[in-house]
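Novice: In the numbering used here, the protein residues as written are 640 to 717. Idealized CB from N, CA, C, for every residue including glycine.
#1: Verify whether the separation of the beta carbon atoms of residue 674 and residue 710 is less than 8 Å.
#2: Return yes when the Cβ of residue 704 is within less than 8 Å of the Cβ of residue 615, no when it is not.
#3: Could you round the C-beta distance between residue 707 and residue 678 to whole angstroms and report it? I think they count as a contact, below 8 Å.
#4: What does the alpha-carbon distance come out to for the pair residue 683 and residue 692?
The structure is reproduced here in structure tokens:
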């Protein structure tokens with residue numbers, strides 16, 4: 640009886656922790672998908688935002704790729 644009195648609450652604490660970790664993983668994945676979608680939409684709008692020669696567009700695209708890498712690294716670290 641004593642084992643059940645301590646075991647059941649401990650099991651509930653462990654299961655709660657597992658559920659919290661899983662929820663955090665789901666949130667990180669959702670954040671990554673949202674960030675990728677936003678970066679993709681922004682990259683698609685670059686030609687309208689930065690009219691001019693292709694070299695300027697290449698520079699803008701390189702900047703967006705760098706920003707995407709930073710965002711991905713930040714999401715992996717969290």
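Specialist: Put simply:
#1: yes
#2: Outside the modelled stretch of the chain, which goes from 640 to 717, sits residue 615, for which no answer is possible.
#3: 5 Å
#4: 16 Å
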